[in-house]
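251 is the number of the first residue of the sequence shown in my numbering; add one for each residue after it. Glycine included, C-beta positions come from ideal geometry on N, C-alpha and C. Written out below as structure tokens is the structure these notes cover.
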Amino acid sequence: MKKTGIVLVALAMAAGCTTTQDHHGHGPYAGQESRDIKALSSEEIRGFASGAGMGFAKPAELNGYPGPMHTLEYAEALRLTPAQKSAIEALLKSHKAEASTLGVELVRQERELDRLFAERRADEAGVDARLAQIAAAQAKVRASHLKAHLETTRLLEPSQIERYAAMRGYARKTQE
Numbered sequence: 251m252k253k254t255g256i257v258l259v260a261l262a263m264a265a266g267c268t269t270t271q272d273h274h275g276h277g278p279y280a281g282q283e284s285r286d287i288k289a290l291s292s293e294e295i296r297g298f299a300s301g302a303g304m305g306f307a308k309p310a311e312l313n314g315y316p317g318p319m320h321t322l323e324y325a326e327a328l329r330l331t332p333a334q335k336s337a338i339e340a341l342l343k344s345h346k347a348e349a350s351t352l353g354v355e356l357v358r359q360e361r362e363l364d365r366l367f368a369e370r371r372a373d374e375a376g377v378d379a380r381l382a383q384i385a386a387a388q389a390k391v392r393a394s395h396l397k398a399h400l401e402t403t404r405l406l407e408p409s410q411i412e413r414y415a416a417m418r419g420y421a422r423k424t425q426e
């Protein structure tokens, strides 16, 4: 019995050491050093290039401003009129083209920031300048997505907006 207890304690200690070594042996970014652009995953790069939403319009979406893509997905259930459907299709096409162009520019700016560091040319002024450009590019991407939600909402009736929210699983906002 005593030997079994000692063996169990030794095994537990060994397991703890292994876990501790693994935790301290690698940083949270291990493996990301091989990325083309260190700050962006390949999924993020593809998302920006395709004009994907990537959560940029959450303030609109979750506060009752439907987006064009999901509105078209629910076109039949929302009983969109032919005019509404046509207008939202045109909006989505235009928005995707704009968001894609802006997203490609944002990725380009991130690549330039990465290059500053990779080529060991980074200094405070250069980093500040590049970050200002990245922030402006990101703001344009986000604005494109938010404005698409604003325009979609203008094209819908209140009952369609309510139906959209219910179909998306959003709880109704209550007045306090």
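Residue from the options with nearest C-alpha to residue i
i: Lys339; options: Phe298, Glu374, Leu322 and Arg413; result: According to the sequence as given, residue 339 is Glu; it is not Lys. Residue Leu322 is the option with its Cα nearest to Glu339.
i: Val357; options: Pro278, Gly277, Glu293 and Tyr279; result: Glu293
i: Thr403; options: Gly297, Tyr420, Asp286 and Ala337; result: Ala337
i: Leu342; options: Pro278, Pro408 and Lys397; result: Lys397
Assigned exposure category for residue i - 16 Cβ within 10 Å defines buried
i: Tyr315; result: buried
i: His399; result: buried
i: Gly317; result: buried
i: Leu352; result: buried
i: Ser394; result: buried
i: His276; result: exposed
Terminal residues of the alpha helix (DSSP H) in which residue i lies
i: Leu400; result: Glu374 to Leu405
i: Ser291; result: Here Ser291 belongs to no alpha helix (DSSP H), and DSSP marks it neither H nor E.
i: Arg413; result: Pro408 to Arg418
i: Pro309; result: Lys308 to Glu311
Any non-hydrogen atom of the ligand SAM within 6 angstroms of residue i CB
i: Leu290; result: As presented, the structure is devoid of all ligands, the ligand SAM included, so that no description of it is given.
request  = Tell me, please, whether the stretch 406 to 423 touches the stretch 375 to 389 by the rule of three or more beta-carbon pairs shorter than 8 angstroms.
outcome  = no
ask   = Fully enclosed by the stretch 314 to 369, which alpha helix (DSSP H) runs are 4 residues long or longer?
value = 318 to 323, 325 to 328 and 332 to 368
ask   = Is the stretch 286 to 306 in contact with the stretch 343 to 350, if contact means three or more CB pairs nearer than 8 angstroms?
value = yes
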